[in-house]
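So the sequence lines, in the order shown, correspond to chains A and B. For the first sequence, our numbering assigns the number 1 to the initial residue and increments by one for each residue that follows. For the second sequence, our numbering assigns the number 1001 to the initial residue and increments by one for each residue that follows. Some notes on the structure that comes next.
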Amino acid sequence: VARLCVCDLLVAQCDVNCCCDPDCSAEDFSLFTTCSVPVVTGDSQLCSQKAAVYSLDVEANPPERIFKLIDQVNPSIFCIHATNYEQALYLKSPEIPTPENFDQLLDKFGGATFSAEPDSWNLDTDAQNPPDANETSRYEYGVPVQTEDAFLRLPSPVVSSWCSDANPAGFLVNQATKCIRSVSVEKCDSIQALSMLFYINSSILASVFQVNITVQSIVVQSLNGMRTLLSSSDVLRLPMVLDELCINAVLGVNYHITHTDTGEIIEAAAAFVLGAISKEALSIEQSFEISFTQENTQPVPLSGNPGYVVGLPVRAGFQPQGYPFPAAFLFAALALSSNKHSQLTILHSTSTQDCLAAQGARAPVLFGYNMISGCKLRITAAMKCQPLAQTLLDVLKGQSFPEYVASFGNSQAQDVLDWVPITQLHISEQMISHTLQGSCQIPVSLGIEVKWTKYGSLVNPQARIVNVTATITTTTLKQV
Amino acid sequence: NNHSQLSSLPLQILLYVNGIYYIFYFLATLAMIIYKSQVFSYPDDLLAPDLAVLFLMAILEVPRLYLGFKGNLTEAEGPLGLSLGLTVGSVVLCVYLLLWQTYVLWADVLLNAVLLSAYGLESGLKVTAIAAFVS
Chain A
1 VARLCVCDLL VAQCDVNCCC DPDCSAEDFS LFTTCSVPVV TGDSQLCSQK AAVYSLDVEA
61 NPPERIFKLI DQVNPSIFCI HATNYEQALY LKSPEIPTPE NFDQLLDKFG GATFSAEPDS
121 WNLDTDAQNP PDANETSRYE YGVPVQTEDA FLRLPSPVVS SWCSDANPAG FLVNQATKCI
181 RSVSVEKCDS IQALSMLFYI NSSILASVFQ VNITVQSIVV QSLNGMRTLL SSSDVLRLPM
241 VLDELCINAV LGVNYHITHT DTGEIIEAAA AFVLGAISKE ALSIEQSFEI SFTQENTQPV
301 PLSGNPGYVV GLPVRAGFQP QGYPFPAAFL FAALALSSNK HSQLTILHST STQDCLAAQG
361 ARAPVLFGYN MISGCKLRIT AAMKCQPLAQ TLLDVLKGQS FPEYVASFGN SQAQDVLDWV
421 PITQLHISEQ MISHTLQGSC QIPVSLGIEV KWTKYGSLVN PQARIVNVTA TITTTTLKQV
Chain B
1001 NNHSQLSSLP LQILLYVNGI YYIFYFLATL AMIIYKSQVF SYPDDLLAPD LAVLFLMAIL
1061 EVPRLYLGFK GNLTEAEGPL GLSLGLTVGS VVLCVYLLLW QTYVLWADVL LNAVLLSAYG
1121 LESGLKVTAI AAFVS
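See the structure below:
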């Protein structure tokens, strides 16, 4: 207790009015007015403990500091006489990492949270998930895909444009990279990264078994850039030197990984683009891509999994023609066509702000982003109202305004109940009855209101679209 | 006519007082354990043994006192001897609560010390009573 000093904040300097500061000399003490920290004790709940008492003797000339070490007694009958539990009253001083205990400390404190009693936590998780199966069976978003020797490599440019083979592919992270590799035609059969084997020889670790990477297709690109799809893709083509050219060099790899909805990888396929390298070329550009698809689903670009992610487009679709609406729920395999272009779109303002010129430009509605756009239309007397109204409706709504919006970012077209119908409303600006007769209404604004909610667990809520309303506001064209 | 009565009066008084004191002791110690678990950091794997010892002691106390009463009043050394044996067990548990509890408060020390001294005195009186009954 005699060595503890709470007010000693400055190192190697005397703190003002700090009577316990060891950096202060007798002259400094004589300048103090009071002691900011009069008593330093341990836990006051103990029955008897040592206390260091500091005080200033102002009577003496010059004033001097008095330091006393006394035994402080807690008179309460509930004072702690003894404890048999070391952590009872003390803040544990942290262990200094040494090479011996570093691993154990990293286990205990290396995560995002650490509990006071690590042993009981370990017992619980061991009972639920056997640790061996847990490591490689389930992948989470972003976790590197493990293979026999290391990780599934997706060469990508790091720092410069040169290919680095050490980039692991993250699970569910769809990536496309391009990088430059230095080559020489003489040694082209010995450069590993140009050979198909380099990309498919290691098998991916997934749950109990290993998934081999199969060759999905091989496309051969000639020197002038023409690509031909080979009919037989089971023959492994290795690079070799032929007529001062290096043929069968890998110019691009496209991995397609299929996984279950619990995160287990079940299939892996690679599509290659092989090409020829001429003698003068010192480097080639390789492109790599990896995409993840859930089994039994179509590879549609997802806007979230499952909840919508802010910034991704709102997915929308139509009911195919010819199916009566009540039957939609009877035939479960009814598909809603939802391709990339059938998104919910709004008018995209152009620089000229001319409505008629802006007919083609649409911007996808992004989830979570409020958007507003507009255009101007000059109406002359010669314009007929009815075609004008139809044109403006096309401008506002676009060529194919969808009927349904996906309620989750990963809603599949075959799950009809996962799609929310768009409610269409018409509002007329002038509701005065006597103007209704004879005058046609032209649409002036389209307002889309997307109502969404947070759905699911409190820890990880998912955004879900509940209701979509499209409101067309029309006004009367004043006849000149 | 005193020598026809072998039952020890001091022992009887002590047993009676011991019974009343034990009820107070049990409630006080239980209340203090509850107080300690709220005020201090008292993890469950240390709280359980302390509570177990307290309840075990309470369970032992009932036959111990009953046998003591019976043996003394009927002047039979059998029950009294059994009571003495149970007293040994109670003493061990009392020493645990005095020394090896997780938090030993000053009040704990007082209560347990009084109980230990009562046990000691009782044991002495029981031994003399058994000696008187046997001879």
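Backbone N, C-alpha and C fix where the C-beta goes; we use that ideal spot for every residue, glycine too. Model, not experiment: these values are computed from the prediction.
Nearest-angstrom Cβ-Cβ length linking A/ILE265 and A/VAL215, presumed shorter than 8 Å
Not quite, the Cβ-Cβ distance comes to about 17 Å (not below 8 Å), so this is no contact.
Buried or exposed: which applies to A/THR345, given that a residue is buried once 16 or more other Cβ atoms fall within 10 Å of its Cβ?
buried
Taking just the CA atoms, how far does A/VAL416 sit from A/GLY322?
Any reading at A/GLY322 must be qualified, since the residue scores a pLDDT of 49, below 50, and its modelled position is unreliable; the value itself is stated next. Spanning the two alpha carbons is a distance of roughly 16 Å.
May I ask you to verify whether the segment 386-401 of chain A touches the segment 439-449 of chain A, counting CB pairs closer than 8 Å and requiring at least 3?
yes
Specify whether the segment 29-39 of chain A and the segment 4-19 of chain A touch according to this definition: at least 3 beta carbon pairs, one from each stretch, less than 8 Å apart.
yes
Using only the alpha-carbon positions, how far apart do B/ARG1064 and B/ASP1050 sit?
21 Å
Against chain A: residues of the segment 1016-1031 of chain B by CB proximity under 8 Å
none
Please go through the same chain and pick out, in chain order, the residues whose beta-carbon is closer than 7 Å to the beta-carbon of A/ASN84, but skip the five residues on each side of it.
none
Would you call B/THR1087 buried or exposed, if buried means 16 or more other Cβ atoms sit within 10 Å of its Cβ?
buried
I need the DSSP call for B/ALA1055, collapsed to helix, strand or coil.
Here residue 1055 of chain B turns out to be Phe, not Ala, going by the sequence shown. In this structure, B/PHE1055 counts as helix in the three-state DSSP scheme.
Does the beta carbon of B/GLN1038 come closer than 9 Å to any beta carbon on chain A?
no
Buried or exposed: where does B/VAL1092 fall if 16 or more other Cβ atoms within 10 Å of its Cβ makes it buried?
exposed
So if I threshold CB-CB distances at 8 Å, which residues from the segment 1101-1129 of chain B count as touching chain A?
GLN1101, THR1102, TYR1103, VAL1104, LEU1105, TRP1106, ALA1107, ASP1108, VAL1109, LEU1110
Assumed close pair A/GLU289, A/ALA176 - CB separation to whole angstroms, cut-off 8 Å:
4 Å
Using the three-state DSSP reduction, which class does A/GLY142 fall into: helix, strand or coil?
coil
Since B/ASP1108 is in the alpha helix (DSSP H), which residue starts that stretch and which ends it?
1106-1134
Of the listed residues A/SER164, A/LYS68, A/PHE401, A/MET383, nearest to A/VAL365 (C-alpha basis):
A/PHE401
Chain-ordered chain A contacts of B/LEU1097 [CB-CB under 8 Å]:
By Cβ distance, chain A contributes nothing, its closest Cβ being about 11 Å from B/LEU1097, past 8 Å.
When you compare the CB of B/ALA1066 with every CB in chain A, is at least one pair closer than 9 Å?
Note on residue identity: the sequence assigns Tyr, not Ala, to residue 1066 of chain B. No - not a single Cβ of chain A is within 9 Å of the one on B/TYR1066.
Given A/PHE329, which residues of its chain have a CB within under 6 Å of its CB, disregarding the five upstream and five downstream residues?
In this prediction, A/PHE329 scores a pLDDT of 37, lower than 50, which makes its location untrustworthy; the coordinate-derived value is nonetheless stated afterwards. So no residue of the chain qualifies.
8 Å Cβ cut-off: residues of chain B touching A/CYS79
LEU1105, TRP1106
Chain B residues whose Cβ lies nearer than 8 Å to that of A/THR483:
For chain A, the structure presents residues 1 to 480; residue 483 of chain A sits outside this window and is missing.
Hey, how far is the Cα of B/PHE1133 from the Cα of B/GLU1122?
16 Å
Which partner residues of A/THR475 appear in the DSSP bridge assignment?
A/ILE442
Partner residues on chain A for B/LEU1046, Cβ-Cβ distance less than 8 Å:
TYR85
A/HIS81 to A/ALA206, Cα distance in whole Å?
58 Å
Find the nearest neighbour of A/ARG464 within the set A/THR258, A/HIS426, A/SER349, A/TYR308, judged by alpha-carbon distance.
A/TYR308
Pairwise C-alpha distance: A/TYR369 and A/TYR404:
19 Å
Alpha carbon to alpha carbon, what distance is there between A/SER202 and A/ALA276?
25 Å
Straight-line CA distance for A/VAL1 to A/ASP71?
11 Å
Taking the beta carbon of A/ASP243 as the centre, do at least 16 other beta carbons fall within 10 Å, making it buried, or is it exposed?
exposed
Sequence-distant residues of its chain with Cβ nearer than 6 Å to A/ALA269 (five each side left out):
THR214, GLN216, HIS256
Considering just the uninterrupted stretch of the alpha helix (DSSP H) at A/THR297, what are its terminal residues?
Taken as a continuous stretch (DSSP letters only), A/THR297 belongs to no alpha helix (DSSP H), as it is neither H nor E.
Please list the terminal residues of the continuous beta strand (DSSP E) segment that includes A/SER217.
213-221
Rounding to the nearest angstrom, what Cα-Cα distance links A/HIS426 and A/GLY304 in this structure?
31 Å
So is A/SER76 in contact with chain B if we call contact Cβ pairs under 9 Å?
yes
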